[in-house]
Amino acid sequence: MATTNTALDTDALEQLFTEARTYPGWLDRPVTEETLRRIYELARMAPTAVNSQPVRLVFVKSREAKEKLKPALAPNNVDKTMQAPVTVIVAYDTAFHEQMPKLFPSRDMKSVFAAQTPEAREQAAFMNGTLQAGYVILAARALGLDCGPMGGFDKAKVDEAFLQGTGWKSNLLINLGYGDPAKLHPRNPRLSFEDACRVD
Numbered sequence: 001m002a003t004t005n006t007a008l009d010t011d012a013l014e015q016l017f018t019e020a021r022t023y024p025g026w027l028d029r030p031v032t033e034e035t036l037r038r039i040y041e042l043a044r045m046a047p048t049a050v051n052s053q054p055v056r057l058v059f060v061k062s063r064e065a066k067e068k069l070k071p072a073l074a075p076n077n078v079d080k081t082m083q084a085p086v087t088v089i090v091a092y093d094t095a096f097h098e099q100m101p102k103l104f105p106s107r108d109m110k111s112v113f114a115a116q117t118p119e120a121r122e123q124a125a126f127m128n129g130t131l132q133a134g135y136v137i138l139a140a141r142a143l144g145l146d147c148g149p150m151g152g153f154d155k156a157k158v159d160e161a162f163l164q165g166t167g168w169k170s171n172l173l174i175n176l177g178y179g180d181p182a183k184l185h186p187r188n189p190r191l192s193f194e195d196a197c198r199v200d
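This is how it looks when you write it as structure tokens:
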């Protein structure tokens with residue numbers, strides 16, 4: 001049932017944005033599969049173009065899976081990723097349009113996307129999948145987790161090790177868990193509204 005939106009309180013805004021940090025170190029506290037499912041259930045509800053929902057997530061949780069991921073990591077990302085309770089491979093499905101009859105039943109969007117070039121479809125999948133990665137981060141923070149998104153990894157190695165034969169392609173990684181405040185560095189500055197925005 002539709003309701004009138006109201007502004008979130010200061011505590012919620014701090015948890016989602018102003019006090020949230022990218023964590024390089026983690027407390028020894030597990031993340032349950034139930035929590036991972038809740039992250040996805042929240043993130044999938046946020047908007048994508050024509051409800052295309054191309055994001056695909058691989059939750060790397062077991063020690064065996066972490067060891068499989070390790071060779072693809074940039075050296076400065078190894079320790080933080082191996083220590084994190086969960087690492088999410090955020091991927092996008094290059095064949096996302098096959099799901100369009102289910103996701104957008106009011107119009108034949110499968111045919112619309114099928115008529116595009118593979119490059120155009122992949123661009124749409126990448127853009128909307130990246131948008132959904134942001135939703136995953138916000139959903140995780142809303143559930144009390146901390147996040148460590150990163151791009152320092154070999155995509156070809158990740159795709160070969162985890163995504164072979166799926167049509168999915170890796171985009172970024174997100175470490176998830178309960179961050180260790182002792183491992184945080186001082187927060188870097190942000191651009192001001194005047195530096196980054198225009199109102200025309």
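Using UniProt numbering, you'd call the opening residue of the sequence shown number 1 and step up by one each time.
Think of the CB as a built atom: it goes at the ideal place given N, C-alpha and C, for glycine as much as any other residue.
For residue i, is the classification buried or exposed, using 16 other Cβ atoms within 10 angstroms of its Cβ as the cut-off for buried?
i	result
Thr81	buried
Asp93	buried
Leu173	buried
Gly129	buried
Arg121	buried
Phe113	buried
Phe96	buried
Ser192	exposed
Ser111	exposed
Ala161	buried
When the distance is taken between beta carbons, is residue j closer than 8 Å to residue i?
i	j	result
Val90	Leu69	no
Val31	Gly177	yes
Asn51	Leu8	no
Leu145	Arg21	no
Ala133	Val55	yes
Asn175	Thr48	no
Phe17	Leu36	no
Ala84	Phe153	no
Ile137	Pro118	no
Asp180	Gly25	yes
residue 205	Ala43	The question about residue 205 has no answer, for the chain in this structure spans 1 to 200.
Val158	Ala72	yes
Phe126	Asn171	yes
Going by DSSP, what residue range makes up the alpha helix (DSSP H) through residue i?
i	result
Ala139	118–142
Ala196	193–196
Asp93	Per DSSP, Asp93 belongs to no alpha helix (DSSP H); it is in the beta strand (DSSP E), 86–93.
Pro101	100–103
Phe162	155–162
Glu64	63–69
Val199	Counting along the chain, Val199 falls outside any alpha helix (DSSP H), and DSSP gives it neither H nor E.
Thr81	78–83
Leu13	10–13
Thr111	One point to set straight first is that residue 111 is Ser, not Thr, in the sequence displayed. Segment 109–114, the alpha helix (DSSP H) holding Ser111.
Below 8 Å on the Cβ atoms is my guess for residue i versus residue j; work out the distance and round it to an integer in Å.
i	j	result
Ala12	Tyr135	The Cβ separation is near 16 Å, so there is no contact.
What are the start and end residues of the beta strand (DSSP E) that includes residue i?
i	result
Arg38	Counting along the chain, Arg38 falls outside any beta strand (DSSP E), though it belongs to the alpha helix (DSSP H) covering 33–43.
Lys169	168–177
residue 224	As displayed, the chain neither begins before 1 nor continues past 200, which places residue 224 out of reach and without an answer.
Pro149	146–150
Less than 7 Å between the CB of residue i and some heavy atom of the ligand ZN, yes or no?
i	result
Leu36	Ligands displayed in this structure: none; no statement on the ligand ZN is therefore possible.
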